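K.L.:
Residue numbers (the working numbering), protein chains in the order written: chain A, 1 to 560; chain B, 1001 to 1139; chain C, 2001 to 2142.
For glycine and all other residues, C-beta sits at the position ideal for the given N, C-alpha and C.
All values reported here derive from a predicted model rather than from experimental measurement.
Sharing a structure below in structure tokens format, with a few things to ask.
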Amino acid sequence: MSSIATTQAAAIERDTPSAYVSEQLWPIRGQLILMLVALAIGGWMGVAQALERIGISLETLTGLESYYQGLSIHGVTLALVFTFAFGNVIAALISIRGYQRPLASTMLLQGSFWFLAAGLGLGAIILLMNEATVLFTFYTPMEANPLFYLAAVFLVVSTWLLLANLVMTYRRWRADNPTERIPLPSFLALTTYIMWGLASLGLAVEVLFFVLPWSLGIVDHTDPQLNRILFWFSGHAIVYFWLLPAYISWYMFIPRQVGGRLFSDGLTRLTFILFLLFSIPTGLHHQYTDPGISAAMKAIHLVLTFVIFFPSLITAFSVMAALENGGRKAGGKGLFGWIFALPWSNPSVNAQLLSMLVFTLGGATGLINASYTVNLVVHNTAFVPGHFHLTVGTAVALTIIGVCYWLVPFLSGKKLFQPRLALIQGWLWAIGVLIFARGQISGGLEAMPRRTAIGEAAYELPGWDLSNALTAIGGSMMGISGALFFIVMIGTLFFSKERTEVTDLPLTDKPLHGPQESWEILDRVGLWTMVAVVLIIFAYLPTLISYLPAAFDSPAVKVW
Amino acid sequence: MLLSGLGAILVSVVGAGTMLPTPAGRVPPEEVRQTPPFDNPGVREIEPGKYEAVIVAQIWAFVPNEIRVPAGSEVTFKVASADVVHGFFIENTQVNAMIIPGQITEVKQTFDEPGEYLLICHEYCGIGHHNMWGRVVVE
Amino acid sequence: MSRQLLAVLLAGFALLLVFGYSALIMPSSDPRPVPTDTPGPAAPGPGDDDGAGRAIWEAQCASCHTIDGTTGIGPTWQGLFGSEVPLDDGSTVVADEEYIIESIREPNAKVHEGYQPIMPAFPQLTDEEIDSLIQFIQTLDG
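Structural data, given as structure tokens:
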């Protein structure tokens, strides 16, 4: 631990007495490191997959046994570890800072770190041994080594421990502050994790009650359709568990970083309550083409899915308002002048602004996926990875990278290494992903399948050559961008000067419309949790009732 | 904006008759090859202009993998899996369905234009997944 | 960052966004004309009496086994019949009728060296169908 970091910790303690304690800081730092390790492994796999499309064998490039092994590693490290780790880090930090006190349980926070480490370690070993080449969705009856499912359990438990911690911390704070509004940063972290706590129940039931016993041989047969229903119960909400920590940065840090103010405290609370309510009862839109589910239930989920687009639209408005506020304060004039007046030379702001621009295409393609019959055009084609590399791959990942550009200096006490490289990194990622997604989207619209080793496929169609070329070029650019990011990170941690100024999280302070103007009922988190449960029951009980009895008919099959 | 989107979807379903796959029966994967109609996969004419294509999806092939019909035919595809989850996707048509072990998938498509339509498995089903394909030949 | 540079970058970026959105406005490609003699997945060909063996190969085996000597997920069938097959335990076996029948009924009883033990069993193939396959394989000289 560098001396400036110790000094910084001490200074933070001076300003916010007993808030950051070292027993709680090391699990946060540790998960950040695990997050970076997962990004490195997963990112490398991604580059190899992009190159496979132009005939460079992934097996030769990486030494793995198959394209699909690489794809499984890519999915698990990025969609499960990278994202969960960031969520844990930001939720812990921002809750501490919001309540101005440490989290209620140091043991649970350290437990979060250990379970994340165990999940990443065990998962990586099993995947690298080629014992779990089932992709991160692990659809039964493809059967992986039981330790793979255990690794997934560890990762989810890591987030549950943090949820428990956040709830306990809230209750203790509430006991000391019976009438105050929940501090906005802590409120956002709490609602995000309650949403995920409810959402992860689908996965938990699927793995603990059905898949794990079956893979251990305790039962012989499983029901793949039922398992999919349970998986996608969590599977759509998980994207909001990925997205909401990025939104936390856009709402809580970006306004300060651009010199503006958050538009409205109440509107922000409302947005996160809407996510709590509507993230989960939408899962069937991933199963429009499943035979075992009725059209009526699929239609209900369609409507609920369109509802969940609203809080993102509100976010777009609120964030733009904060940006415009900051841009005009910086002297920007006219209709668009404020855009140029934003601090683009700040690598953290640069990356996040670019990710917001790219996110528009991600949202549009998401609506297309959700549109019931339109889904027949795009389901399981390359259109889908085109969509989600714009959303989780950029809106989330590039925002996480942008946050790292101030968070890693903050936590380590070192100056950011080569900010100009960091600026180039941001542009390269955004440009690269647009080219990559262009290739995937057009390939998908020309019937190219996803999750397929296209470079080795026995079939091909005329438009795919161009699509593959664009994917490979865009993916390579993202890979180079990733390498630049790691150069900056390693440089910051090991080769950089110590920081001399002591700073706080770049937390937005006074919104334009403050908490006293927002509805108090928004703070009744327990009430909203119950409403969320009612909505989940409304969306899923009829689904399950009309589906049951289950068809436990499928034995395990090893397919690689 | 969203309401008009929902309206457009309604038009596609009610007006154009586009349907998502819905429950069409069940068959355990271990019994698929012994259970009618999957014990005799192939293409049959059931009425003039209407055909039934019964297909077994297995690792890593569709059986049969070539479906020949005259132009203008309405084909009802009945597909079941003998092992794991497969995809069933025919380019340039509305046929895009999952084949889930235990469930029967039934989708209809009218082929007006003569030509060759690629049929692909688009859900990862193992190491030979990228070789699992077929075609619909409309004459 | 200077305003001019930023303006150029943002303009270029806007162009890229338009490029990205343009992917959503794709002309659909028409189905291709029916080929007269393209080797499709199930075209019967010369070599065996009624093409039954070849048809089974193309329908269920071709995804892993080639017949022209090229490497696939599984060993090629060119020159297979009667050859000495190296196994993963170091021994060899002659690829006779018995070996082929066992490979289809119990694929992982004997695994070809250098290949993964991932061949599924084919219980749906009748004895007659396996005979047709063997006849077909016998026509594939090395």
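Please list, in chain order, all residues of the same chain as A/A118 whose beta carbon is under 8 Å from its beta carbon, the five residues on each side excluded.
P.N.:
Once the five neighbours on either side are set aside, the close Cβ partners of A/A118 are A151 and F154.
K.L.:
Quickly, what does DSSP pair B/Y1117 with across the bridge? List them, please.
P.N.:
For B/Y1117, which the question treats as bridged, DSSP gives the partners B/V1136.
K.L.:
Out of curiosity, what's the CA-to-CA distance linking B/P1048 and C/W2077?
P.N.:
Approximately 42 Å, taken between the alpha carbons.
K.L.:
The beta strand (DSSP E) with B/I1059 in it runs from where to where?
P.N.:
Per DSSP, B/I1059 belongs to no beta strand (DSSP E) and is neither H nor E.
K.L.:
Does the contact criterion of 3 or more C-beta pairs under 8 Å hold for the segment 122-130 of chain A versus the segment 535-549 of chain A?
P.N.:
The answer is no - the segment 535-549 of chain A does not touch the segment 122-130 of chain A, with fewer than three Cβ pairs under 8 Å.
K.L.:
How many Å lie between A/T137 and A/G217 at the Cα?
P.N.:
Each residue's Cα considered, the two are about 20 Å apart.
K.L.:
Which residues in chain B have a C-beta closer than 8 Å to the C-beta of A/L277? List them in chain order.
P.N.:
Simply none; closest approach about 17 Å.
K.L.:
For A/P185, which residues of its own chain have a beta-carbon under 8 Å away from its beta-carbon, when the five flanking residues on both sides are left out?
P.N.:
Here the set comprises I94, S95, R97, G98, I248, M252 and L507.
K.L.:
For a contact defined as C-beta to C-beta under 7 Å, what are the partners of C/S2002 on chain B?
P.N.:
None at all; the shortest Cβ gap to chain B is about 38 Å.
K.L.:
By the three-class DSSP mapping on this structure, what secondary structure does C/A2121 have?
P.N.:
Three-state DSSP puts C/A2121 in coil, outside helix and strand.
K.L.:
State yes or no: is the beta carbon of A/I229 nearer than 8 Å to at least one beta carbon in chain C?
P.N.:
Answer no: the Cβ-Cβ gap between A/I229 and chain C never drops below 8 Å.
K.L.:
Among residues of its own chain, excluding the 5 on either side of A/V533, which ones have a beta-carbon nearer than 8 Å to its beta-carbon?
P.N.:
Cβ neighbours of A/V533 beyond the five flanking positions: L198.
K.L.:
Smallest Cα separation from C/Q2004: which of A/L39, A/I339 and A/M107?
P.N.:
Residue A/I339 is the option with its Cα nearest to C/Q2004.
K.L.:
Got a sec? Which residues, its chain only, sit under 6 Å from A/E65 by beta carbon, not counting five neighbours each side?
P.N.:
The answer, listed in chain order, is N130.
K.L.:
A/P141 to A/Y20, Cα distance in whole Å?
P.N.:
Rounded to the nearest angstrom, the two C-alpha atoms are 47 Å apart.
K.L.:
Does the CB of B/H1129 have a neighbour CB from chain A at under 8 Å?
P.N.:
Cβ-Cβ to chain A under 8 Å: yes for B/H1129.
K.L.:
Does the contact criterion of 3 or more C-beta pairs under 8 Å hold for the segment 367-386 of chain A versus the segment 280-296 of chain A?
P.N.:
Contact between the segment 367-386 of chain A and the segment 280-296 of chain A is present, because at least three Cβ pairs lie under 8 Å.
K.L.:
Nearest to B/P1114 by alpha carbon, out of B/G1042, B/N1096 and B/E1139?
P.N.:
Checked all of B/G1042, B/N1096 and B/E1139; the closest Cα to B/P1114 is B/E1139.
K.L.:
Can you check which of these residues, A/L390, A/G70, A/P542 and A/L434, is closest to A/L243 by C-alpha distance?
P.N.:
It is A/L390.
K.L.:
Comparing the CB of A/S200 with every heavy atom of the ligand NAP, is any distance shorter than 7 Å?
P.N.:
Absence of the ligand NAP from the depicted structure is noted, as is the absence of any ligand whatsoever, leaving it without description.
K.L.:
Determine which residues of the segment 1021-1046 of chain B have a Cβ less than 8 Å from any Cβ of chain C, and write them out in chain order.
P.N.:
Listed by position, the residues of the segment 1021-1046 of chain B near chain C (Cβ gap below 8 Å) are R1033.
K.L.:
What is the DSSP secondary structure of A/P347, reduced to helix, strand or coil?
P.N.:
Of the three classes helix, strand and coil, the one that applies to A/P347 here is helix, per DSSP.
K.L.:
Would you mind stating whether A/G334 and A/G260 have Cβ atoms separated by less than 8 Å?
P.N.:
Not a contact, by the Cβ cut-off of 8 Å.
K.L.:
Which residues in the same chain as A/S554 place their Cβ atom closer than 8 Å to its Cβ, once the five residues preceding and following it in sequence are excluded?
P.N.:
Here the set comprises T140, P141, H221, T222, D223 and P224.
K.L.:
Where does C/E2058 fall in DSSP's three states?
P.N.:
Here C/E2058 sits in helix by DSSP.
K.L.:
Could you name the residues of the segment 1050-1077 of chain B whose beta carbon sits closer than 7 Å to any beta carbon of chain C, in the order they occur along the chain?
P.N.:
Those would be I1059, W1060, A1061, V1063, P1064, N1065 and E1066, in chain order.
K.L.:
At a Cβ cut of 8 Å, what residues of the segment 44-65 of chain A count as close to chain B, listed as they run along the chain?
P.N.:
Flagged: no residues at all.
K.L.:
For a contact meaning CB atoms closer than 9 Å, what does B/E1091 contact in chain A?
P.N.:
In chain order: E446, A447 and L461.
K.L.:
B/L1118: which of A/A92, A/Y459 and A/F485 sits nearest, CA to CA?
P.N.:
The shortest Cα separation from B/L1118 among A/A92, A/Y459 and A/F485 belongs to A/Y459.
K.L.:
Take A/P183 and list the residues in its own chain whose beta-carbon comes closer than 7 Å to its own, dropping the five residues that flank it on each side.
P.N.:
Correct list, in chain order: G98 and Y99.
K.L.:
Taking the alpha-carbon positions, what's the A/P542 to A/L484 distance?
P.N.:
Cα to Cα, the separation comes out at about 50 Å.
K.L.:
Kindly list, in the order they appear in chain B, the residues whose Cβ is closer than 8 Å to that of C/P2120.
P.N.:
By Cβ distance, chain B contributes Q1058, I1059 and D1083.
K.L.:
If we count Cβ pairs, one from each stretch, closer than 8 Å, do we get three or more for the segment 1032-1042 of chain B versus the segment 314-321 of chain A?
P.N.:
Output reads no: the segment 314-321 of chain A does not touch the segment 1032-1042 of chain B.
K.L.:
Can you tell me the Cα-Cα spacing of A/L461 and A/M448, whole angstroms?
P.N.:
One C-alpha to the other measures close to 8 Å.
K.L.:
Within 10 angstroms of the Cβ of A/T292, are there 16 or more other Cβ atoms? Answer buried if so, exposed if not.
P.N.:
Note that residue 292 of chain A corresponds to Gly in the displayed sequence, not to Thr. Buried, since its Cβ has 16 or more Cβ neighbours within 10 Å.
K.L.:
Where do the N-terminal and C-terminal ends of the alpha helix (DSSP H) with A/Q31 fall, by residue?
P.N.:
First-last of the alpha helix (DSSP H) with A/Q31: S22 to E52.
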